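Protein sequences appear in the order of chains A and B.
Here the numbering used here = 1-based position in the first sequence + 523.
Here the numbering used here = 1-based position in the second sequence + 523.
The beta-carbon is built from N, C-alpha and C at its ideal position, and this holds for glycine as well.
Bear in mind the structure is a predicted one, so any value in this text is a computation, not a measurement.
Protein chains: 2
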Amino acid sequence: MRFTFRQLEYFVAAGEAGSIRGAAEAIAISQPSISAAIAHLERELGLQLFVRHHAQGLSLTPAGRRLLHEARLLLDRAEGLHAVAAEVSEQLRGRLALGCFVTLAPMILPELMQGFAELVPGAEIALFEAHQERLVTALRRVDLDLALTYDLQLPEDLVFAPLAELPPHILLAADHPLATRPELSLADLAAERLVLLDLPLSRDYFLSLFLREGLTPQIAQRSAQQEVVRGLVANGFGYSIANVRPRAGAALDGRPLVRLPLAGSHPPLRLGLARAGSLQPSRLATAFAEHCRAAITDSGIPGMDMP
Amino acid sequence: MRFTFRQLEYFVAAGEAGSIRGAAEAIAISQPSISAAIAHLERELGLQLFVRHHAQGLSLTPAGRRLLHEARLLLDRAEGLHAVAAEVSEQLRGRLALGCFVTLAPMILPELMQGFAELVPGAEIALFEAHQERLVTALRRVDLDLALTYDLQLPEDLVFAPLAELPPHILLAADHPLATRPELSLADLAAERLVLLDLPLSRDYFLSLFLREGLTPQIAQRSAQQEVVRGLVANGFGYSIANVRPRAGAALDGRPLVRLPLAGSHPPLRLGLARAGSLQPSRLATAFAEHCRAAITDSGIPGMDMP
DNA sequence: TTCCAGGGTCGGTTTTTCCGATCCAGATTG
DNA sequence: CAATCTGGATCGGAAAAACCGACCCTGGAA
């Protein structure tokens, strides 16, 4: 670009004032500056913008009139950039890129997003459901404003705001012999076969629960899909471990499931909001975080059973 | 505007390159300059455009992505200003503001514009028909690119390119006693009554013809409309003087008219193109002038009889 | 004829832009 | 784990640009 916003502004001012002198007064700039700006534009655009009338100001040429119109549009659009910036950073509107840990999404998101949509009607949420590794990558690349997930192996450059703790539970088919117990320990399950939810980092968490007690689970099946795991358990392939507490008492095929507390002391998963530490959150992101803080607590999580 | 095109360009380059260093190489600018431009924009717009990854370049924030898009649009539009300028000054397209002396218009313009429209399909002509005084004013205010008119009292700051000479003729009703003469002198008409075309400067031209010979016409009627003058003449109100040579041999009411040469030596009206001397003509105006030069000569004028 | 209005031009000053050099922190490599 | 690499931020000085006051010039008005 071989001209500047300032030159355009001076040109528009002169076009509106009908004289350089008048424009100079109107915008409190010296007359030579405006004269130079117009001369520059005329040289740069290769056409005559004004006819100079001695002692009588200026007249726009036909070309000048056309260019004046264009210049005004351009300046308006530039002003619009400020407006867009203000909207993005200050207004409670626009798009929020939200990540969510894949197994949490079906339980938490519907209610959470519903509540937020009522709270902030101008918001649009772009969802990204993935396992932890992908969430971390996306957060670091700032493809996401926020991610609703566990604090599983979060690197230090991500900021994590915890919301609730989810202790591990045991999942059994309703007709499993152990299903009548009030709770179960890992030792109780040593002879049973495990259906493992097989996602990059959560997998390691589940296995670590056994390792801490010196046990090794017998893995019967693995699946990356929570619903497949539940289906396998309901159909007698074994037990599973999960931290989420879906309200549904059956797998997708209708077979009943039972969830029992895991006895003993185990590290829970902490559910919370992660974001890139180097990204200052938008107003929208902050509002969403607040909404999460109000909606998600240890005593209640949207879409989940009480402990 | 508290930012510049350059800063936007650097921002866009950095957004596209994914790093400041890469952008610096791409557009051959030092890395600190780009860093400063981005910092300036972020301060000015009050939001974070990039997240800086140590030793790994930049990521656009969601807001940055939005702003990048806007910035690109803005730069495109600025580039468009160059395009508009080029179109206006170089292309044979766009609008030509054309003035025409009011009595010439109905004869000359239809054929002339028809021919030009075929020659230059992209042209649009904005017509302004008026008497000489108004044409001069409009030309000086550069509301018009060109005016097709006489060189009647044209001030020096207008440039006049003559095309054809129009000597004065006498207009009579076909049944007028003098209508059978091969030509008439002003002295022949001393006893007759004049119907005067009463337009600011042409009026003075007509009267000057009499004054030069020491005669004073008897003015029976005046009208600012050529068709009214012709109607009055056809209905026996007297004779008239005109330089144009309409092909129509009758007034609008159908009554026949006769046109006879004015005997003796009289200053003709020179028909030509006037423009503001201080306005460099556009390509379009130049093309139109050339078209006029080809179409309008002493031996033939669109819409008019031969001498 | 003089005066006035308004645009253009000229020097000098201030502001902005630009660059090379350097600093710094995280990533990579051996 | 240390050395190295990468890429952004910062600093100081140089170059460019914008800006202004003063002045010139020309056409219109008195």
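Coil, strand or helix - residue i by DSSP
i, result
"B/S725", "helix"
"B/I764", "strand"
"B/S558", "helix"
"A/I631", "helix"
"A/A670", "strand"
"B/R616", "coil"
"B/V480", "No answer is possible for residue 480 of chain B: the residues shown for chain B start at 524 and end at 830."
"B/L693", "According to the sequence as given, residue 693 of chain B is Ile; it is not Leu. Three-state result, B/I693: strand."
"B/A823", "The sequence shown places Gly at residue 823 of chain B, rather than the Ala named in the question. B/G823 falls in the strand class under three-state DSSP."
"A/A771", "coil"
"B/G795", "strand"
"B/P832", "This structure cannot speak to residue 832 of chain B, because chain B is shown only from 524 to 830."
"A/F624", "strand"
"A/P585", "helix"
"B/A540", "helix"
"B/L807", "helix"
"A/A687", "strand"
"B/R595", "helix"
"B/L677", "coil"
"B/L802", "coil"
Cut-off 7 angstroms between Cβ atoms - residues of its own chain near residue i, not counting five sequence neighbours on either side
i, result
"A/R793", "Y673, D674, P685 and E688"
"A/A697", "P779, L780 and V781"
"A/F639", "A646, F811 and H814"
"B/S805", "V611, S612 and D668"
"B/R575", "L581"
"A/D727", "none"
"B/E548", "none"
"B/A713", "L738"
"A/I648", "L619, L621 and M636"
Neighbourhood of residue i by C-beta, 6 angstroms cutoff - its chain only, sequence neighbours within 5 removed
i, result
"A/S763", "L694, V718, V752 and V756"
"B/D668", "L619, A620 and A808"
"A/Q744", "V718, L755 and F760"
"B/R768", "M827 and D828"
Rounded separation between residue i and residue j - CA only
i, j, result
"A/I742", "A/G754", "16 angstroms"
"A/A736", "A/R664", "The question names Ala, yet the displayed sequence has Glu at residue 736 of chain A. Going from the Cα of A/E736 to the Cα of A/R664 covers about 38 angstroms."
"A/A786", "A/A710", "10 angstroms"
"A/P678", "A/E750", "29 angstroms"
"A/P690", "A/A773", "20 angstroms"
"A/Q655", "A/R529", "49 angstroms"
"B/A661", "B/I552", "49 angstroms"
"B/A670", "A/Q579", "22 angstroms"
"A/R722", "A/S746", "Inspection of the sequence shows that residue 722 of chain A is occupied by Leu rather than by Arg. Their Cα atoms are separated by approximately 8 angstroms."
"B/F760", "B/H699", "10 angstroms"
"B/L590", "A/A601", "11 angstroms"
"A/R692", "A/L783", "First, the residue type needs correcting, since residue 692 of chain A is His and not Arg in the sequence shown. A/H692 and A/L783: Cα-Cα distance of roughly 6 angstroms."
"A/L658", "A/T703", "38 angstroms"
"A/L730", "B/R525", "57 angstroms"
"B/L642", "B/G826", "18 angstroms"
"A/T739", "A/G795", "29 angstroms"
"A/P790", "B/L572", "39 angstroms"
"B/A546", "B/A586", "20 angstroms"
"A/L701", "A/A765", "17 angstroms"
"A/R616", "B/A628", "59 angstroms"
"A/L732", "A/P705", "20 angstroms"
"A/T527", "A/Q614", "30 angstroms"
"A/F683", "A/G541", "60 angstroms"
Any non-hydrogen atom of the ligand FAD within 7 angstroms of residue i CB
i, result
"A/Q637", "Within the structure as shown, the ligand FAD is missing, as the structure has no ligands at all."
Cutoff 8 angstroms; reference residue i; Cβ partners in own chain excluding five residues on either side
i, result
"B/G823", "M829"
"A/V625", "E652, A653, H654, L722 and Q749"
"B/V535", "L591, A594, R595 and L598"
"A/L681", "V659, L662, R663, A797, R798, A799 and G800"
Quick check for students: name the residue ranges of the alpha helix (DSSP H) that lie wholly in the segment 634-666 of chain A, counting only runs of 4 or more. 655-663
For the segment 697-763 of chain A, which segments carrying the alpha helix (DSSP H) assignment without a break, of at least 4 residues, lie completely within its bounds, in sequence order? 723-735 and 749-757
Mind the definition here: the segment 599-617 of chain B touches the segment 548-568 of chain B only if three or more C-beta pairs lie below 8 angstroms; say whether that holds. no
For the segment 624-641 of chain B and the segment 551-559 of chain A, state whether three or more C-beta atom pairs, one from each stretch, are separated by less than 8 angstroms. no
Quick test of the definition: if touching needs 3 or more C-beta pairs under 8 angstroms, does the segment 810-830 of chain A touch the segment 586-601 of chain B? no
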